[in-house]
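In UniProt numbering, the protein residues as written are 1 to 290.
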């Protein structure tokens, strides 16, 4: 009896005459699976491990010298990353400020680099750059530390409204320094009509001032409104994911805030310049004399 599945010349002849059906097609070879070396596997583990996990791997028995070097290298990287994060997030709350410490904590404090803890060194500007363009370039580079100074008076309702919002922003943006001081203590005879005021600094320059809540939405101001304004003045580096709850009408509110908020450069105004931010802001040079 003929076995049709046998691969013989006789069966081939029968297939050629149509007596046996054609042979089924042979299965295509499976693709080659890339070879993963031991070193590749160790590097993949080390690249995704935390510093604590790398400590455990280094304490394990039977680890060879190559693996130990790989784990130790990544452990050093993790420790350096953690140190940088600690320096960058060294604030986390709004602290009181005294008039005597204003220059040290605000002007000089805003020059401190989060990475090194030392003052930033400005690069020499090019001959073709004018003064205003140089200020904008430094601001966009986010050198130094963002500092927000809250000038308040407890009897002013908007001061009471903004304080908890600023406290919350300070908690979710620990890389920015938030300070508070009574307006009359910071600037003698500072008029109540200008309360509350936000002074925003970075890298030794005043990036802007928001007087009497101009550019905000009064008692309807939310923490997201404040965050957006401070992002625009570069006091903050990026939005906090902790504040990702948005209202349905927030996009419309942001458009209104965009129209109301202006940019004040330190070189053209400064704290003595008395320039106000927003619609209807009055200009009074004496208001900001310290």
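We treat Cβ as the ideally placed atom computed from N, Cα and C, and that holds for glycine.
Note that the structure is a prediction, hence the values are computed from the model and not measured.
Rounded straight-line distance, which links the Cα of residue j to that of residue i
i	j	result
residue 248	residue 237	Here residue 248 scores only 45 on pLDDT, less than 50, and its place in the model should not be relied on; the value that follows carries that caveat. Their Cα atoms are separated by approximately 25 angstroms.
residue 132	residue 205	Summary for residue 132: the model assigns pLDDT 45, below 50, so the residue's position carries little reliability; its value from the coordinates is reported in the next sentence. So the two alpha carbons sit approximately 12 angstroms from each other.
residue 241	residue 104	31 angstroms
residue 207	residue 159	21 angstroms
residue 232	residue 203	16 angstroms
residue 194	residue 97	19 angstroms
residue 120	residue 142	11 angstroms
residue 24	residue 18	14 angstroms
residue 54	residue 36	21 angstroms
residue 222	residue 80	36 angstroms
residue 102	residue 239	27 angstroms
residue 65	residue 57	13 angstroms
residue 213	residue 188	20 angstroms
residue 155	residue 234	30 angstroms
residue 179	residue 163	11 angstroms
residue 12	residue 3	12 angstroms
Proximity winner among the options, relative to residue i (alpha-carbon distances)
i	options	result
residue 244	234, 232 and 225	225
residue 177	114, 191, 55 and 164	114
residue 230	169, 188 and 152	169
residue 76	91, 47, 182 and 180	47
residue 38	63, 7 and 56	63
residue 174	95, 12 and 7	95
residue 182	217, 235, 163 and 153	153
residue 99	91, 9 and 186	186
residue 90	216, 163, 172 and 211	172
Close beta carbons around residue i, own chain, < 6 angstroms, minus the five adjacent residues each side
i	result
residue 184	190
residue 199	149 and 209
residue 165	223 and 226
residue 161	219
residue 167	94
residue 8	none
Residue j beta carbon less than 8 angstroms from that of residue i
i	j	result
residue 157	residue 219	yes
residue 151	residue 197	yes
residue 145	residue 93	no
residue 147	residue 201	yes
Own chain partners of residue i with C-beta closer than 7 angstroms, once the 5 adjacent residues on each side are dropped
i	result
residue 14	20
residue 5	none
residue 78	50, 51 and 54
residue 60	none
residue 192	153 and 156
Other residues of its chain near residue i: CB distance less than 8 angstroms, five sequence neighbours each side excluded
i	result
residue 22	15
residue 118	112
*Is the number of C-beta pairs between the segment 39-47 and the segment 56-76 that are closer than 8 angstroms three or more?*
yes
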